Every structure is written in C-alpha cells, then in structure tokens.
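Have a look at the structure below, then the notes.
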Amino acid sequence: MRLNRQRLVDAALVLVDEEGAEALSMRTLASRVDRQVSSLYNHVSGRAELIELMRARIVSDIDVGPFASVSSSADRVRWDEALESWARSYLRAFAAHPNLIRLLATTSISDLSTYQMYDAVVAGLRRGGWPETRTVAVMRTVEAHVLGSALDIIAPDDLIAQDSADERFSEIRAALDPRFAESSSAVAAFDLGLRALIAGLRQEVCDW
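Each residue of the sequence shown is one higher than the one before, counting from 26 in our numbering.
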C-alpha cells in the first residue's frame, strides 16, 4: 500500500494507543508501516511535526460549532451551554486516545487547527459576556478538567476498591459500597465536576 501522510498518522495513533507515547519514534513507526526510516521524511519533517499532525487529527473530532451561535440574547445559545457541549466532545475525542494526553499536554502547540478551535471558544466566551482578560483562563480550566477526566475514565474499575481499604477506614468503605458504583464512577465524577465548574464560572462572570 502506498504510504502517505494520512496513513502515517493512522499508524502513529495505533502505535501510541498500543504501546504508549514513549514508544513513538521515527524508527518504530517505520517498522510499523514496513518502510525505511528515510522514506518517512518524504511525508513529515520529523517526530515533532508528526505529533502536531496527531493533535490535528484529535482536534478534528472536537465540536466547537455551538460557540458560533453564542450571544447574550435570550433566544441564542448561551456561553455555558456551548462550553459544556465542547467539554463533552473534547472528552470523547481524548478518551479514545488516552495515551496521547500527556504527550500533547506537554508539547508546545503549533498546529493551526488547534488554534482555530481555541479561537472559536474564546470568541464565543467574549460574545457571551466574558472579558478578554479571562477567556483563556476559563478555557484552560475546563480543558484541564476534561484531560484529567479522560485519564480517570480509562483507569481500572477497581482503582479505588472497597476490598482494598482497611476496616479501620469505615467512611470510605461505606462510600465505596458496590450499590453506589454508578454514582461514584469516573463518568459521574466528570459530570459532577463539569456542572460545578460551569456553575462557578456563571457566578464568576456575574461578579466580574
């Protein structure tokens, strides 16, 4: 099969999904696509560009559409509704590739599609009433919650287990009763955290 940039990104995503971000190298990727390392440089300049192409692929699955309709008018989409929709879409995109989170979160962003996404978020927040000086902080606050939750969601179900807690710790043992599993799950924690964040942000913008 002919090698192209799209196939290279596909292979890189599978590699990171299966072996972790630390396994990503041009040599390992070349082995995955059954090519010489030198041939990969016909499609990308190196690992750094490949990381940004992977970032762009993930970002393409994140929906920022609701921000385009944000307005302070009562009959339009509110900033908090758009922010919640974005957060949930963001979570779905990264929960599918959790091994990418640390890599992308600790690599400086040059991908233009990511900045396009951020621009849409910030513009929507501005139209919704947020001052320019606070929009990036709002965006990063929600983004941090999403990325942490994506890692939590793929953690083992028994990460915090009743049977692992000593009987001296009666409160946590009671709270970890299997009957409460659904309301104590990582998904429930994400929902609770997102609601609390957005409620706090609503108050914050009113007080500003």
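The beta carbon of each residue, even a glycine, is placed where N, CA and C say it ideally should be. Small disclaimer: the values here were computed from a predicted structure and weren't measured.
Measure the C-alpha to C-alpha separation of L226 and S114 and round it to an integer number of angstroms.
Numbered from 1 along the sequence shown, position 201 holds the residue referred to as residue 226. Numbered from 1 along the sequence shown, position 89 holds the residue referred to as residue 114. Whole-angstrom Cα-Cα distance: 19 Å.
Determine the direct distance from the alpha carbon of E47 to that of V163, and round the result to whole angstroms.
Translated into the one-based positions of the sequence shown, residue 163 becomes position 138. Translated into the one-based positions of the sequence shown, residue 47 becomes position 22. Cα to Cα, the separation comes out at about 31 Å.
Helix, strand or coil for V102 per DSSP?
The residue labelled residue 102 in the question sits at position 77 within the sequence shown. Look at V102 here: in three-state DSSP terms it is strand.
I'd like the ranges of any alpha helix (DSSP H) spanning at least 4 consecutive residues and lying wholly in the segment 28–108.
List check, alpha helix (DSSP H) in window: 30–44, 51–57, 62–65 and 72–84.
Assuming V95 contacts G153 under a Cβ cut-off of 8 Å, what Cβ separation, rounded to an integer in Å, is found between them?
As a working note, residue 95 is residue 70 in the sequence shown. As a working note, residue 153 is residue 128 in the sequence shown. With 8 Å as the limit, V95 and G153 qualify as a contact, their Cβ atoms being about 5 Å apart.
Using the Cα positions of F92 and Y143, report the straight-line distance between them to the nearest angstrom.
The residue you call residue 92 lines up with position 67 of the sequence shown. The residue you call residue 143 lines up with position 118 of the sequence shown. One Cα belongs to F92, the other to Y143, and the distance between them is close to 11 Å.
Answer with buried or exposed for V171, where buried requires no fewer than 16 other C-beta atoms within 10 angstroms of its C-beta.
As a first step, residue 171 is located in the sequence shown; it is residue number 146 there, counting from the start. Sixteen is the threshold: when 16 or more other Cβ atoms of the shown chains lie within 10 Å of the Cβ of V171, as they do, the residue is buried.
Do the segment 131–143 and the segment 75–90 make contact, defined as three or more Cβ pairs closer than 8 Å?
Output reads yes: the segment 75–90 touches the segment 131–143.
Sequence-distant residues of its chain with Cβ nearer than 6 Å to L65 (five each side left out)
As a working mapping, residue 65 is identified with position 40 in the sequence shown. Only residues of its own chain outside the window of five on either side were considered, and among them M51 and A55 have a CB closer than 6 Å to the CB of L65, listed in chain order.
Take the Cβ of L49 as the centre, count every other Cβ of all protein chains shown within 10 Å, and call the residue buried at 16 or more, exposed below.
Numbered from 1 along the sequence shown, position 24 holds the residue referred to as residue 49. By the C-beta density criterion, L49 is buried, having at least 16 other C-beta atoms within 10 angstroms.
Could you spell out where the alpha helix (DSSP H) holding S138 opens and where it closes?
Mapped onto the sequence shown, residue 138 falls at position 113. First-last of the alpha helix (DSSP H) with S138: L137 to R152.
Mark V39 as exposed unless 16 or more other C-beta atoms lie within 10 angstroms of its C-beta, in which case mark it buried.
On the sequence shown, residue 39 is found 14 positions in, with the first residue counted as 1. Classification of V39: exposed, given that the 10 Å Cβ count is below 16.
Could you tell me the alpha carbon to alpha carbon distance between V146 and R193, rounded to whole angstroms?
Along the sequence shown, one-based indexing puts residue 146 at 121. Along the sequence shown, one-based indexing puts residue 193 at 168. Distance between the alpha carbons of V146 and R193 is about 47 Å.
Return the CA-CA distance between D177 and W155, expressed in angstroms with no decimal places.
Working through the sequence shown from its first residue, we reach residue 177 at position 152. Working through the sequence shown from its first residue, we reach residue 155 at position 130. Those two C-alpha atoms are separated by around 30 Å.
What is the DSSP secondary structure of M26, reduced to helix, strand or coil?
By one-based count along the sequence shown, residue 26 stands at place 1. Annotated three-state conformation of M26 is coil, per DSSP.
By Cβ distance below 8 Å, which residues in the same chain neighbour C231 in space, the five residues on each side in sequence not counted?
Numbered from 1 along the sequence shown, position 206 holds the residue referred to as residue 231. Answer for C231: no residue qualifies.
Going by DSSP in three states, L192 sits in which element: helix, strand or coil?
Against the sequence shown, residue 192 aligns to sequence position 167. At residue 192 the sequence reads Glu, which differs from the Leu that was named. Residue state, collapsed to three classes: coil.
Tell me whether the beta-carbon of L28 lies closer than 8 Å to the beta-carbon of R60.
The residue labelled residue 28 in the question sits at position 3 within the sequence shown. The residue labelled residue 60 in the question sits at position 35 within the sequence shown. A contact, by the Cβ cut-off of 8 Å.
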